[in-house]
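In UniProt numbering, the protein residues as written are 1 to 201.
Here is the structure we will look at.
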C-alpha cells in the first residue's frame with residue numbers, strides 16, 4: 001500500500017541534501033581510490049621515521065659537507081675573534097749636556113782657530129760631545145745655547161763687544177762643523193767673566 005505524497009518528498013530530500021554522496025564514488029585522500037557501498041576501506045598507515053636514524057643521517061651529511069670544504073680560510077667571523085695588540089709608544093728621552101771651553105783668541109780676532117795655543121784639546125772635548133749626536137739618526141738636537149765671555153782686563157765696553165762677537169763667531173763655527181740650522185742656536189754674552197778668572201787663579 002502506497003502512501004500518496006510520501007515518496008516524492010523523500011526523493012526531493014535525497015536530491016537536495018547537501019550531504020548526499022553518490023554511491024560508489026567516495027574519494028579517499030590516500031591514493032584516490034573508488035569503493036563500492038558496503039566495502040571497508042583500509043588506509044595505508046604513515047610509517048614514522050625513528051629519531052635516531054634521522055640524527056645519524058644529519059651527522060653523515062655534516063661530515064660530508066665538512067670534508068668537501070677547502071682548508072680553513074680567514075673569514076669575517078674568524079677575523080673578529082683576533083685581537084691585535086698595539087705596542088706602547090716609547091716616550092722621548094730628553095737629555096741636556098753642557099761643556100765649558102776655554103778658547104784662546106789672537107788680539108782683535110773673533111773667529112775660532114783650532115791650532116792657536118791650547119785650542120785643540122778644548123775643541124776635542126766639544127767633538128766628543130757633539131759627534132754622537134750628529135752622526136746617525138739616534139738623536140735630534142733641539143737647541144744649542146752659546147754664551148761668550150771676555151776676560152776682565154780692558155774697558156767694560158770693549159769687553160762687551162769682544163764677548164758678543166766671539167759668541168757670534170763660535171756659533172758660525174758650530175754651524176759649519178756640526179749642526180747647520182740657524183734656529184737651533186741661542187747666543188748670549190757676558191762682558192767680564194770674573195767667576196772664570198777666580199777658577200783660573
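We put the CB at the ideal spot given by N, CA and C, even for glycine.
Original post:
Rounded to the nearest angstrom, how far is the Cβ of residue 163 from that of residue 191, given a contact under 8 Å?
Top reply: Residue 163 to residue 191, Cβ: 5 Å. Contact.
Original post:
What is the DSSP secondary structure of residue 26, counted as helix, strand or coil?
Top reply: In this predicted model, residue 26 has a pLDDT of only 44, less than 50, meaning its place in the structure is not dependable; the value taken from the coordinates is given anyway. Coil, per DSSP.
**OP:** Please check the pair residue 174 and residue 144, which I expect to be a contact at CB under 8 Å, by giving their CB distance rounded to whole angstroms.
**Re:** Residue 174 to residue 144, Cβ: 6 Å. Contact.
Original post:
Which runs of the alpha helix (DSSP H) fall wholly inside the stretch 92–146 and span at least 4 residues, in chain order?
Top reply: DSSP runs (the alpha helix (DSSP H)) wholly in the stretch 92–146: 119–134.
Original post:
Using the beta-carbon count (16 or more within 10 Å), is residue 207 buried or exposed?
Top reply: Summary: the structure shown does not reach residue 207, with the chain confined to residues 1 through 201, and so no result is reported for it.
Original post:
In terms of residue numbering, what span does the alpha helix (DSSP H) encompassing residue 178 cover?
Top reply: Neither: residue 178 is in no alpha helix (DSSP H) and is coded neither H nor E.
Original post:
Across which residues does DSSP place residue 188 in a beta bridge pair?
Top reply: DSSP, once it has assigned bridges, lists 147 as partnering residue 188.
Original post:
Do the CB positions of residue 185 and residue 171 come within less than 7 Å of each other?
Top reply: Yes, these two residues count as a Cβ contact at 7 Å.
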